[in-house]
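Q: Note that the protein sequences, when read in sequence, are chains G and E. Residue numbering for the first sequence follows numbering that gives the first Met the number 0, beginning at 0 and increasing consecutively. Residue numbering for the second sequence follows numbering that gives the first Met the number 0, beginning at 0 and increasing consecutively. A virtual CB, placed ideally from N, CA and C, is assigned to each residue, including glycine. Pasting a structure below so you can have a look.
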Amino acid sequence: MVLVMAPLYDEVVDLARIYLGPAAKRFVDRQIKGHLEIDSVQLKLSDLDELATWCYTSSKILMNDGKAREFSDRVKALNSNNS
Amino acid sequence: MQQRKQRPFLKSLRGKILWRMLAVSLIPIAIVGGLMYNSMSSSEQSVNDSLDESREALQTDTIGNTKATLAWTFSMEMELWIAERIRDVEKWADNTAVIEAARNSKDAGGAAELFLLDEVGTSPSFDNSYITNTSGDIVLQLKSIVEQEETDYPTWVSGLNKGLHVSDIYPGAGIGTYPYYIDIAVKIEDITEGTDLGVLIGTVQINPVNFAQEYGAKVGTKGEQGKLGDRLMVWNRDGLIVADSFDTERYLEKTPTWSEIEQKVLDGMPNNTEIISKSSIVTDDFVAGYARSSNASVTIQFDDFPGLGWLVMVEQSADEALASLNSLEEVKDDLNDSTNSMLYTLIGILIGLVILVPALSALLSRGITSPIAQLRNAAERISMGDISVNIDVESEDEIGDLAESFERMVMAVRFLSQEEE
């Protein structure tokens, strides 16, 4: 197995961990693979807006709307932080 | 839902908070208050002891001595008074008309009578005067002579033999009545020839109670107002009562019954003693000062006259005499009241806290226990499979952190559970 460094992906997972704890990695993987249809290591800054939208949509089922919106906004903000 | 675990209130979070608040609030107050009360009680005891000592000292040293000084002063005044009267009679005995009347056993021309009438008439102390010759025959008398009890040596004989003789006090026209009399007998002699001519006798009237009052002593009498002021009591050398300002019927009683205080005074200064110093007796019932008079204690002295030797007692009931010390009792009472007041205040504060602290702790612990109870309820629901639970705890403190972590855990469970489905 080849370990590939994916700093952006890790940042998203760290962020998701705030809201979803131990399920964060599986949640993020599911959004990237299931909705963006890319591999986690391929995640780019340009994907973040779409990822944020899916994060909002999926987390809204788990938590209240305010928290889901906050989570989404923070994912989106990673774009500007890294550009 | 699982049955919630029942626990005693004191083992619950609220119970523990209540206990600790009570401990934090009550223990310091109980300790400080107890120390203060203890300190105040010690101070009170100390002050009480000091006041008791002061009272005792005042009773003995001040009030007792005051009475003794009164008795002493009065006895001195009596001795001075009788000494002045003796000097009067001695002066009269040197009068030419008196000498001639005694020499001739006859007051030819009435010169001696005129002289004595003038002297006795101008003196409030003298009641009578008479002259005897060396055989005891009456040469001259201004008034009828009061009959005295028969004695081995009549006054004139003693006067003739000794040159000067002062009789015992004797009653007037009946026992228990005033005035009382004392005869002063002075030998009349021809100095140039050295021969005895007769005896001049001056009779003075005396009422010790009136005498004391005339000299400004506040002597009380038994009257409508009861026994007020100082009681003056005088005994002669034979131990007979010469005066009792509270009971005139006791004068010259043959077999008196002594009260406790009288007995103490008589024991303290027996009749045959020559002690002339003053003393005092202070008990719970009375304060008395006493002194025995002597001619040696006054400025006019006579070789042949030792003095009346009267025992004088000034007595007052302790309640009346020590009334001025009641303020000390008031100080003690005030101090006791203050200490009791402090104790009651302390008890009141402790009782108030016992009531107030549980109410306050209930109010304050609600902010701590409510979020915890919420989390506990949510955890119970999740443990029973209900993952739809919402954690709605808004708090910035550690409980808020706990709620966030818990919520994160719930989200994870909820997500993983959905994923499985």
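Can you check whether the C-beta of L21 (chain E) is within less than 8 Å of a C-beta belonging to chain G?
A: No, L21 (chain E) lies away from the interface with chain G (no Cβ there is under 8 Å from its Cβ).
Q: Taking the continuous alpha helix (DSSP H) assigned at E261 (chain E), which residues delimit it?
A: Taken as a continuous stretch (DSSP letters only), the alpha helix (DSSP H) holding E261 (chain E) covers E259 to G267.
Q: Here's the rule: buried if 16 or more other CB atoms are within 10 angstroms of the residue's CB, otherwise exposed. What is I346 (chain E)?
A: Looking at its Cβ environment, which holds fewer than 16 other Cβ atoms inside 10 Å, I346 (chain E) is exposed.
Q: If I measure Cβ to Cβ from K43 (chain G) and keep anything under 8 Å in the same chain, skipping five residues before and after, which residues do I get?
A: Excluding sequence neighbours, K43 (chain G) sits near L7.
Q: Give the residues of chain E in contact with Y8 (chain G), contact being defined as C-beta atoms less than 9 Å apart.
A: Chain E residues near Y8 (chain G): none, gap ~18 Å exceeds 9 Å.
Q: Determine which residues share a DSSP beta bridge with G63 (chain E) and list them.
A: None; G63 (chain E) has no bridge partner.
Q: Grab the span of the alpha helix (DSSP H) containing V330 (chain E) for me, first residue to last.
A: Note, V330 (chain E): alpha helix (DSSP H), N325 to S382.
Q: I think E43 (chain E) touches T344 (chain E), with their Cβ atoms under 8 Å apart; what is that distance to the nearest whole Å?
A: At roughly 15 Å, the Cβ-Cβ gap does not stay under 8 Å, so E43 (chain E) and T344 (chain E) are not in contact.
Q: If the cut is a Cβ gap below 9 Å, which residues of chain G does E418 (chain E) touch?
A: The contacting residues are A22, R25, F26 and R29.
Q: Count the other C-beta atoms from every protein chain shown that fall within 10 angstroms of the C-beta of E36 (chain G), then say buried if there are 16 or more, exposed otherwise.
A: Result: exposed.
Q: Does V12 (chain G) get closer than 8 Å to chain E when you measure Cβ to Cβ?
A: No, because no Cβ of chain E sits closer than 8 Å to the Cβ of V12 (chain G).
Q: Report the rounded CA-to-CA distance for N389 (chain E) versus K66 (chain G), giving the unit in angstroms.
A: Roughly 12 Å separates the two Cα atoms.
Q: To which residues does DSSP link W234 (chain E) through a beta bridge?
A: E:I240 and E:L310, per the DSSP bridge assignment.
Q: Would you verify that the beta carbon of A421 (chain E) is, or is not, closer than 8 Å to some beta carbon of chain G?
A: Residue 421 (chain E) falls outside the range modelled here, since chain E spans only 0 to 420, and no answer is possible.
Q: To the nearest angstrom, how far is the alpha carbon of K253 (chain E) from that of M39 (chain E)?
A: Cα to Cα, the separation comes out at about 59 Å.
Q: Quick one: list the residues of chain E neighbouring L61 (chain G), beta-carbon separation under 7 Å, in chain order.
A: Result: M410, R413 and F414.
Q: Are V198 (chain E) and L159 (chain E) closer than 8 Å when you measure CB to CB?
A: Taking 8 Å as the Cβ cut-off, V198 (chain E) and L159 (chain E) qualify as a contacting pair.
Q: Taking C-beta to C-beta, are I26 (chain E) and I348 (chain E) nearer than 8 Å?
A: No, the Cβ-Cβ distance between I26 (chain E) and I348 (chain E) is not below 8 Å.
Q: By DSSP's criteria, N127 (chain E) is part of a beta bridge. Which residues make up the other side?
A: DSSP, once it has assigned bridges, lists E:T202 as partnering N127 (chain E).
Q: Is L19 (chain G) close to chain E? Criterion is C-beta to C-beta, closer than 8 Å.
A: So, interface residue.
Q: Assuming the contact rule is C-beta atoms closer than 8 Å, S279 (chain E) and A67 (chain E) should be a hit. Round their C-beta distance to whole Å, please.
A: Contact flag correct, Cβ pair sits at about 4 Å.
Q: Indicate whether I144 (chain E) and N132 (chain E) have their beta-carbon atoms separated by less than 8 Å.
A: Taking 8 Å as the Cβ cut-off, I144 (chain E) and N132 (chain E) do not qualify as a contacting pair.
Q: Could you give the DSSP three-state label for N63 (chain G): helix, strand or coil?
A: Of the three classes helix, strand and coil, the one that applies to N63 (chain G) here is coil, per DSSP.
Q: Within its chain, find whatever has a CB closer than 8 Å to the CB of L116 (chain E); leave out the 5 residues flanking it on each side and keep chain order.
A: Excluding positions up to five away in sequence, the list reads L141.
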